[in-house]
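Student: Below you'll find the structure I mean.
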Amino acid sequence: MMWVRSLGIFQVLELKAYDQLLRLRLNEGRDPRLVVVEATEPDIQKYGGFPLPDATLAQVIDRLEQHQPRVIGLDIFRPVVDGHPELISHFQNNNHLIAICAAKEAHNPDKSTYSPPPGLPEDRLGFSDAVNDNDAIRRRHLLFIQPDKDDPCTTEFSFSARIALYYLKEVKHIEATTLSKDEIKIDKTIFKRLQTNTGAYKNLDNRGFQIILNYRASRDVASMC
């Protein structure tokens with residue numbers, strides 16, 4: 001039986017069982033620390049299509065700043081080089097504004113990449129890249145990568161990791177500590193990098209620093225507006 005399992009024959013069944021266990025957890029409710037501001041399709045049409053005008057994004061950030069957020073994550077690609085001066089000013093001077101880019105992949109040269117916004121320092125940038133299993137379900141989280149030398153997306157941090165670590169540092173005075181290439185410690189928790197044969201996975205492509213996603217047990221993870 002162990003020999004058969006080592007071949008990965010039961011991988012699909014084991015992953016489905018894992019999915020079911022996640023669904024059986026008690027409802028955790030919304031995370032009160034999070035607010036998601038969604039740009040809906042009607043919003044996009046109202047303000048002239050995608051990408052949203054820089055002036056509009058600057059106004060949204062100004063409105064958010066009135067509520068004194070600890071950190072703002074801008075999960076919108078900016079495929080334009082020149083921007084509205086007010087938005088550029090936010091990128092250059094707003095120390096708690098995190099934006100995204102998309103990294104190159106040496107094994108996938110046809111993948112679209114997106115450069116970071118102009119004037120944004122690397123420590124306020126996170127990559128948007130993610131990994132799916134063969135059944136198109138996302139069970140793993142890519143925390144860190146080693147970017148290519150010629151990649152305009154220069155950050156080693158994922159967008160979500162950058163936001164979470166910034167929040168922990170500013171609010172809880174907690175910083176991540178690298179214990180080894182396979183272990184990172186945040187406060188009292190040690191995150192271990194997935195290996196090629198971790199749990200149900202067999203011969204996993206484990207490039208970068210990947211961990212198992214711990215989805216919040218709630219249909220409404222955060223307040224929406």
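For the record, in the sequence shown the residue sitting at position 66 is 66 according to the numbering used here, with numbers rising by one throughout. Beta carbons: idealized from backbone N, C-alpha and C, even for Gly.
1) From Asn27 to Gln195, what does the alpha carbon distance come to, in whole angstroms?
2) Can we say the stretch 188-206 touches the stretch 155-170, given the rule of at least three CB pairs closer than 8 Å?
3) Report the three-state DSSP secondary structure of Pro53 (helix, strand or coil).
4) Using only alpha-carbon positions, find the residue among Arg193, Leu165, Leu52 and Val131 that is nearest to Ala102.
5) So, is His107 buried or exposed, given that buried needs 16 or more other C-beta atoms within 10 angstroms?
6) Nearest to Tyr37 by alpha carbon, out of Ala17, Arg23, Gln20 and Gln59?
7) Do the CB positions of Glu175 and Arg70 come within less than 7 Å of each other?
8) Taking one C-beta from the stretch 181-189 and one from the stretch 85-105 each time, how about it: are there three or more such pairs within less than 8 Å?
9) Under 6 Å Cβ to Cβ from Leu15, same chain only, skipping five residues before and after it: list those, please.
10) For Ile72, which of helix, strand or coil comes out of DSSP?
11) Three-state secondary structure (DSSP) at Leu143?
12) Considering Cα atoms alone, identify which of Arg63, Leu24, Val12 and Arg33 is closest to Val227.
13) Determine the DSSP secondary structure at Ala39, reduced to helix, strand or coil.
Tutor: Working from what's here:
1) Counting from 1 along the sequence shown, the entry for residue 27 is found at position 27. Counting from 1 along the sequence shown, the entry for residue 195 is found at position 195. Those two C-alpha atoms are separated by around 30 Å.
2) no
3) Here residue 53 refers to the residue found at position 53 of the sequence shown. In the structure shown, Pro53 sits in coil (DSSP, three-state: anything other than H, G, I, E or B).
4) Looking up residue 102 in the sequence shown gives position 102. Measuring from the Cα of Ala102, the nearest candidate turns out to be Val131.
5) In the sequence shown, the residue the question calls residue 107 occupies position 107. At His107, the pLDDT of 47 sits below 50, so the modelled position is not reliable and the matter cannot be decided from this model.
6) In the sequence shown, the residue the question calls residue 37 occupies position 37. Here residue 37 is Val; the residue named in the question, Tyr, does not match the sequence. Minimum Cα distance to Val37 is reached at Gln59.
7) As a first step, residue 175 must be located in the sequence shown, where it is residue number 175. As a first step, residue 70 must be located in the sequence shown, where it is residue number 70. Contact: no.
8) Note that the stretch 181-189 does not touch the stretch 85-105; fewer than 3 beta-carbon pairs, one per stretch, sit closer than 8 Å.
9) Your numbering for residue 15 matches position 15 in the sequence shown. Cβ neighbours of Leu15 within its own chain (closer than 6 Å, five residues either side excluded): Ala200.
10) Residue mapping note: residue 72 aligns to position 72 of the sequence shown, counting from 1. The answer is strand: DSSP assigns Ile72 an E or B state.
11) Residue numbering aside, residue 143 sits at position 143 when the sequence shown is read from its first letter. Reduced to three states, the DSSP call for Leu143 is strand.
12) This structure cannot settle anything about residue 227, because the visible part of the chain is limited to 1 through 225.
13) The sequence position of residue 39 within the sequence shown is 39, counting from 1. It is coil, neither helix nor strand.
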